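Following this note's numbering, the residues of the sequence shown are numbered contiguously, the last one being 350.
Where is the CB? At the ideal position from N, CA and C, for every residue including glycine.
Predicted model only: the values in this text are computed from it and were never measured.
Comments concern the structure below.
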Amino acid sequence: MTTYLTEAAQLIRSLLPPTAEPPGDDESLFLGYAVLMRAKGTRTTASDVHDAWTAWMLSRGSDHRSLVPFEQLSGEVQALDAAYVHAIHAAAERCAGDARRG
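In structure tokens, the structure reads:
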């Protein structure tokens with residue numbers, strides 16, 4: 249994988265609160281979030297994050313609640329994506345600031 253995506257994945261992970269789910273031990277999920285950040289930046293929504301999570305789960309052959317469309321999840325479950333949306337937004341803003349300074 250390209251270096252800039254690996255760096256973006258690490259940045260997103262570093263901006264998450266320590267209690268965020270899922271545990272940050274699988275680089276491929278965070279690479280998916282890095283691709284999302286590059287594609288949508290601060291326009292990323294909780295539904296986008298859920299879709300990235302679903303794609304990751306499917307790639308691992310896992311069965312999980314993420315296979316349910318985002319709109320059908322309870323508000324409590326939807327709220328779990330908020331930390332990831334915030335981290336992606338913060339990472340996108342930081343990268344945009346770095347690019348302006350560079």
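Going by DSSP, Val325 is part of the alpha helix (DSSP H) stretching over 323–327.
Judged by DSSP in its simplified three-state form, Leu264 adopts coil rather than helix or strand. By the beta-carbon neighbour count (other beta carbons within 10 angstroms, threshold 16), Asp274 is exposed. Within the same chain, Cβ atoms closer than 7 Å to the Cβ of Val283 are found at Leu253, the five residues on either side in sequence being excluded. Note on geometry: alpha-carbon atoms of Glu341 and Leu328 lie some 21 Å from one another. Leu264 places its beta carbon 8 Å or farther from that of Trp304.
Rounded to whole angstroms, the gap between the alpha carbons of Thr292 and Ser262 is 18 Å.
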